[in-house]
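Q: For the sequence shown, position 255 matches number 275 in our numbering, and the numbering has no gaps at all.
Just so it is clear, CB atoms sit at the ideal spot from N, CA and C, and this is done for glycine as well.
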Amino acid sequence: MNTNQKVSPTGGDLEGAVAPIITGLLSYGMSGRIFHAPFLTTNPGFKFKAVVERSQKKAGARYQDVISYNSVDELLADDEIELVVVNTPNDTHFDFSMKALDAGKHVLLEKPAAATSAEAKIMFDRARKANRHLMLYQNRRWDSGFLLVKDVIESGRLGQLQEVYFRMDRYKRALSAKLFKETAATPANGLVYDLGAHLVDNAICLFGKPLSFTKTTGIYREGSEVPDYFTYHLKYPNQLNVFLTSGLLIAEVLPGFTAHGTEGSLVKERCDVQETQLDSGMLPTDACYGIEPEGSDGKLVLMDFDNKRKIEWITPPKGNYNGLFEAVHHTIRNNALYPITEEHIAWQLELLEA
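1) Taking Cβ positions, are Leu215 and Ser266 nearer each other than 9 Å?
2) Which residues does DSSP pair with Tyr249 in a beta bridge?
3) For Leu322, which three-state DSSP category applies?
4) Pull up the distance between the alpha-carbon of Asn354 and that of Arg329, whole angstroms please.
5) Enumerate in chain order the residues of its own chain whose CB-to-CB distance from Glu94 is below 8 Å, with the five nearest sequence positions on each side excluded.
6) What first and last residue would you give for the alpha helix (DSSP H) that runs through Phe166?
7) For the ligand SAH, I want to know if Trp162 counts as a neighbour, meaning its beta carbon is within less than 8 Å of at least one of the ligand's heavy atoms.
8) Should Pro247 and Thr237 be called a contact, given that it needs their Cβ atoms to be closer than 9 Å?
9) Who pairs with Asn261 in a beta bridge, going by DSSP?
10) Can you name, in chain order, every residue of its own chain whose Cβ lies under 7 Å from the Cβ of Ala356, other than the five neighbours on each side?
11) Cα separation between Asn63 and Gln259?
12) State buried or exposed for Asn90, treating a residue as buried only when at least 16 other CB atoms are found within 10 Å of its CB.
13) Give me the Cβ distance between Phe186 and Phe277, rounded to the nearest whole Å; I'm assuming they're in contact under 8 Å.
14) Measuring straight from C-alpha to C-alpha, what distance separates Tyr48 and Ala79?
15) Thinking just about the alpha-carbon of each residue, which of Gly165, Gln182, Leu45 and Glu100 is nearest to the one in Lys255?
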């Protein structure tokens, strides 16, 4: 028996995990507090060593052993740190990722990877030259609803797919306090680069690169400089049409996932609970973590040869953002192929920057 073998919080073995990956966070804002620190401290494949906090030192209140550096340069100078999480504003992603790679670190980079596909290519080229991994944090691939839809579509039960709709609706009349999201002159701004990166990645994960696409955007909030509405129509082989939509002034939220095939339809509300649970302080190791509330089942409607409807209610699997961190660990320690590939990011940015 290998006594050095580590077991992940979800029960799977983390192969080759003789030593945890020493990790540093570039920010302890909402994303650091909710989407990264809870996993870096509960997944035995990682050690959360340090964070950058320029003013308020909040991380230490919860993680007493974590070093709080005053600058990115100080954290990058820490020779023990192997992996740097770049979770800073969108317009800093390119510069900070390049600095981290030049410092000999692996990089886990939040979406969007960059403002343009040209910048992304430079980053991936630099990662290869440095013999380091550049990995994108596309956590919505591990949402409970998306996992359910992926299972049903890949099962073939819907027949030949005709239409697929992915939506992320909000009602937020006020402009965001995060100016990089609201300023037209700032690269990678607005809803397209924010929520659009999630929806486009979901489509690419399931269907690959579209044959063609159209993109429509709009600005509806008073005083807004950047698009707060978008819709994409992606065309795929075999007459498959995929629609991706998001808006910040949608009063009646529509189902997040809808798929129509020649044999039936699937409808699923967007009910993933992970962000809410993590924000409340729940840990990913909690037995209730990732489980959607009762009444959140997906509705599968199948038609028989007599055109009679058969309805099934499908319970979604647990949401599992830890799956992304296990993929990061497997990539760094075992040089495995990270599931969000360079090609996926190039396709995504082609759509975002169009």
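A: Quick look at the numbers:
1) Taking the first residue of the sequence shown as position 1, residue 215 is located at position 195. Taking the first residue of the sequence shown as position 1, residue 266 is located at position 246. Result yes, Cβ atoms of Leu215 and Ser266 sit closer than 9 Å.
2) For the purposes of this step, residue 249 is taken as residue 229 along the sequence shown, with counting starting at 1. When DSSP reads this structure, Tyr249 sits in a beta bridge with Gly238 and Gly267.
3) Locating residue 322 in the sequence shown gives position 302, counting from the first residue. Three-state result, Leu322: strand.
4) Reading the sequence shown from its first residue, position 334 is the one you call residue 354. Reading the sequence shown from its first residue, position 309 is the one you call residue 329. Roughly 48 Å separates the two Cα atoms.
5) In the sequence shown, counting from the first residue as 1, residue 94 sits at position 74. Val72, listed in sequence order.
6) Locating residue 166 in the sequence shown gives position 146, counting from the first residue. Unbroken alpha helix (DSSP H) run through Phe166: Ser164 to Ser175.
7) Among the components modelled here there is no ligand, and therefore nothing to report on the ligand SAH.
8) Working through the sequence shown from its first residue, we reach residue 247 at position 227. Working through the sequence shown from its first residue, we reach residue 237 at position 217. Taking 9 Å as the Cβ cut-off, Pro247 and Thr237 qualify as a contacting pair.
9) As a first step, residue 261 must be located in the sequence shown, where it is residue number 241. In the DSSP secondary-structure assignment, Asn261 is bridged to Glu183 and Lys255.
10) By one-based count along the sequence shown, residue 356 stands at place 336. So the qualifying residues of the chain are His350.
11) As a working note, residue 63 is residue 43 in the sequence shown. As a working note, residue 259 is residue 239 in the sequence shown. Taking the straight line from one Cα to the other gives about 43 Å.
12) To locate residue 90, count along the sequence shown from 1; it is residue 70. Asn90 is exposed by the Cβ-count criterion.
13) Stepping through the sequence shown from its first residue, residue 186 is reached at position 166. Stepping through the sequence shown from its first residue, residue 277 is reached at position 257. The C-beta distance from Phe186 to Phe277 rounds to 6 Å, short enough to meet the 8 Å contact threshold.
14) To locate residue 48, count along the sequence shown from 1; it is residue 28. To locate residue 79, count along the sequence shown from 1; it is residue 59. Answer to the nearest angstrom: the Cα atoms are 7 Å apart.
15) Sequence index remark: in the sequence shown, residue 255 carries index 235 (1-based). When only C-alpha atoms are compared, the closest one is Gln182.
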